[in-house]
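Numbering (this note's numbering), first residue to last: 91 to 406.
Glycine residues also receive a C-beta, built at the ideal position from the N, C-alpha and C atoms.
For reference, the structure is listed below as structure tokens.
The following block contains the structure:
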């Protein structure tokens with residue numbers, strides 16, 4: 091038994107040294123170099139080794155650097171399907187470094203032919219687990235997850251998973267109603283980014299009910315972080331071109347913005363509301379005339395002048 095343990099430790103030490111050597115090479119490794127490594131250490135054994143490392147420890151860092159090099163090689167695409175069985179564990183592991191790496195590889199896999207179907211076929215709960223990372227305590231993980239979800243929305247099949255009738259869409263809607271304002275900010279920001287892709291995407295986001303939650307947040311000036319998030323997304327939507335024309339709730343958002351601008355609340359929130367209203371009002375080509383008129387009517391001539399002046403001041 092002692093011999094077996096010693097041998098195992100020796101193999102782990104050799105694997106770590108090999109991955110460290112690979113990580114130190116300049117540029118992407120060659121296909122031959124990666125294939126030679128994987129012939130001695132299959133990808134499954136490498137991931138099992140990472141799972142046994144101390145979370146966010148030195149050995150894990152070395153191993154992850156080596157894995158990143160492997161996925162930079164020309165043969166990386168052929169390896170992605172082999173690592174799918176480890177995907178869910180990678181998304182839920184204690185180490186935020188591993189969670190972030192797993193998200194990034196998800197993004198790469200989603201861009202391969204049949205990637206979405208392969209992921210869903212591996213485990214139907216992988217996609218909701220991925221969406222849940224918008225609520226991750228580590229901002230780098232949440233950002234990586236948001237980038238992957240944005241990539242997912244660029245494909246019709248992915249858009250349906252994200253905003254249609256699916257467990258993943260339910261997860262996203264639940265996160266939009268989260269008690270955590272930071273999580274809501276991330277969901278609203280993602281929704282605004284997706285809505286800007288096309289009129290179809292904007293309609294999908296609206297049908298999912300996320301904009302209804304956004305309007306509710308704008309109604310309450312006491313929830314400062316949520317209001318700032320809503321105003322930021324509204325500013326993004328105002329610059330999204332023709333896609334915004336398909337959002338029927340946009341006039342309501344603009345009305346809420348105008349009310350916030352007149353409310354007796356913190357100066358920073360007032361400034362943001364005025365700036366957002368100004369941006370919406372001076373871009374008439376970006377959305378239907380009725381939306382722009384709604385904004386101007388709510389603000390009034392005095393409010394519009396003040397918002398434009400404030401916007402100019404903030405840009406200096």
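(message) Quick check for students: name the residue ranges of the alpha helix (DSSP H) that lie wholly in the region 130-202, counting only runs of 4 or more.
(response) 133-142, 148-160, 166-173, 177-182, 186-200
(message) Buried or exposed, going by whether 16 or more other CB atoms sit within 10 Å of the CB of residue 146?
(response) exposed
(request) Classify residue 270 as buried or exposed, calling it buried when 16 or more other Cβ atoms lie within 10 Å of its own Cβ. (result) exposed
(message) What does the alpha-carbon distance come out to for the pair residue 285 and residue 150?
(response) 38 angstroms
(message) Quick check: what's the CA-CA separation for residue 109 versus residue 233?
(response) 27 angstroms
(request) Give every residue of the same chain whose Cβ lies closer than 7 angstroms to the Cβ of residue 185, excluding the five residues on either side of it in the sequence, and list them in chain order. (result) Here the set comprises 145, 146, 150.
(request) Determine the extent of the alpha helix (DSSP H) in which residue 268 is found, giving its start and end residues. (result) Looking at the DSSP string, residue 268 is not in any alpha helix (DSSP H), and its letter there is neither H nor E.
(request) Indicate the three-state DSSP secondary structure (helix, strand or coil) for residue 32 in the structure shown. (result) In the structure as shown, the chain begins at 91 and stops at 406. Residue 32 is therefore absent and cannot be evaluated.
(message) For residue 117, count the other beta carbons within 10 Å of its own beta carbon; 16 or more makes it buried, fewer makes it exposed. Which is it?
(response) exposed
(request) For residue 236, count neighbouring C-beta atoms within 10 Å of its own C-beta (all shown protein chains included) and say buried if the count is 16 or more, exposed if not. (result) Classification for residue 236: buried.
(request) Check whether the Cβ atoms of residue 182 and residue 218 sit closer than 8 angstroms, and answer yes or no. (result) no
(message) Taking the straight line between their C-alpha atoms, what separation do you get for residue 244 and residue 287?
(response) About 8 angstroms.
(message) For residue 229, tell me which candidate among 190, 134, 156 has the shortest Cα-Cα distance.
(response) Among 190, 134, 156, the Cα nearest to that of residue 229 belongs to 190.
(message) Starting from residue 205, trace the alpha helix (DSSP H) in both directions and tell me its first and last residue.
(response) 205-212
(message) What does the alpha-carbon distance come out to for the pair residue 258 and residue 221?
(response) 7 angstroms
(message) Less than 8 angstroms between C-beta atoms, sequence neighbours within five positions excluded: which residues of the same chain meet that for residue 164?
(response) 118, 120, 121
(message) Rounded to whole angstroms, what is the Cα-Cα separation between residue 162 and residue 106?
(response) Looking at the two C-alpha atoms, the distance is approximately 18 angstroms.
(message) So, at 7 angstroms on beta carbons, what are the nonlocal neighbours of residue 267 in its own chain, with the 5 sequence-adjacent residues on each side left out?
(response) 303
(message) Rounded to the nearest angstrom, what separates residue 370 and residue 250 at their Cα positions?
(response) Its pLDDT being 49, under 50, residue 370 is placed unreliably by the model, and the measurement read from it follows with that caveat. The straight-line gap from Cα to Cα measures roughly 29 angstroms.
(request) For residue 294, collect the residues of the same chain with a Cβ closer than 7 angstroms to its Cβ; drop the 5 residues on either side in sequence, then sort them by chain order. (result) 249, 253
(message) Taking its Cβ as the centre, do 16 or more other Cβ atoms sit within 10 Å of residue 125, making it buried, or is it exposed?
(response) exposed
(message) Measuring straight from C-alpha to C-alpha, what distance separates residue 129 and residue 104?
(response) 14 angstroms
(request) Could you give the DSSP three-state label for residue 109: helix, strand or coil? (result) helix
(message) For residue 172, which residues in the same chain have their Cβ closer than 7 angstroms to its Cβ, ignoring the five residues on either side in sequence?
(response) 133
(message) Less than 7 angstroms between C-beta atoms, sequence neighbours within five positions excluded: which residues of the same chain meet that for residue 194?
(response) 234
(request) Give the secondary structure of residue 278 by DSSP, where H, G and I count as helix, E and B as strand, and everything else as coil. (result) Helix.
(message) Quick check on residue 142: buried or exposed, where buried means 16 or more other Cβ atoms within 10 Å of its Cβ?
(response) It counts as exposed.
(message) For residue 296, count the other beta carbons within 10 Å of its own beta carbon; 16 or more makes it buried, fewer makes it exposed. Which is it?
(response) By the 10 Å Cβ count, residue 296 comes out buried.
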